[in-house]
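The letter at position 27 of the sequence shown is residue 34 when you use the numbering used here, and the numbering goes up by one with no holes.
Quick reminder that beta carbons are idealized off the backbone N, C-alpha and C, glycines included.
The structure appears below as structure tokens.
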Amino acid sequence: MENNLLNEVKCVSCKKWTDGSKTHCSHCNTILEATKFENERQERHENYVIDVMLVKIKPTDNVVVVGIKKVLQTIQIIYMAILSFILWIIAMLPG
Numbered sequence: 008m009e010n011n012l013l014n015e016v017k018c019v020s021c022k023k024w025t026d027g028s029k030t031h032c033s034h035c036n037t038i039l040e041a042t043k044f045e046n047e048r049q050e051r052h053e054n055y056v057i058d059v060m061l062v063k064i065k066p067t068d069n070v071v072v073v074g075i076k077k078v079l080q081t082i083q084i085i086y087m088a089i090l091s092f093i094l095w096i097i098a099m100l101p102g
């Protein structure tokens, strides 16, 4: 009985207590707030994309240009890694 009370949440629609492990209220069938927040958090997480400014390789580029652009992308990534490491070291100096 005690575990059941700990899992209960109050429905924002009908204001009655319902099982918090369910996605919908057992009284009015409204989506529970905890489920809404979890769905929104998961949606934000799925849509999160890190956009790094690398040289773009186009499908119309010939083989030589693609090779040069891949080398440039590699140099850009190495540069960003070194810069990130230096910034990390600077951040660690005060502490």
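Under 9 Å between C-beta atoms of residue i and residue j
i: residue 73; j: residue 64; result: yes
i: residue 35; j: residue 17; result: no
Closer than 8 Å: residue i CB and nearest the ligand MG heavy atom
i: residue 68; result: This structure does not include the ligand MG; it has no bound ligands of any sort.
Through-space distance from residue j to residue i, alpha-carbon basis
i: residue 20; j: residue 48; result: 21 Å
i: residue 26; j: residue 101; result: 49 Å
i: residue 82; j: residue 76; result: 10 Å
i: residue 87; j: residue 62; result: 13 Å
i: residue 9; j: residue 33; result: In this prediction, residue 9 has a pLDDT of 47, which is less than 50 and means its spatial position is unreliable; what the coordinates show is noted afterwards. Going from the Cα of residue 9 to the Cα of residue 33 covers about 19 Å.
i: residue 67; j: residue 78; result: 18 Å
i: residue 30; j: residue 52; result: 20 Å
i: residue 91; j: residue 58; result: 16 Å
i: residue 28; j: residue 70; result: 56 Å
Beta-ladder partner(s) of residue i, from DSSP
i: residue 31; result: 38
i: residue 25; result: 16
Candidates the options: closest to residue i by CA position
i: residue 60; options: 98, 93 and 80; result: 80
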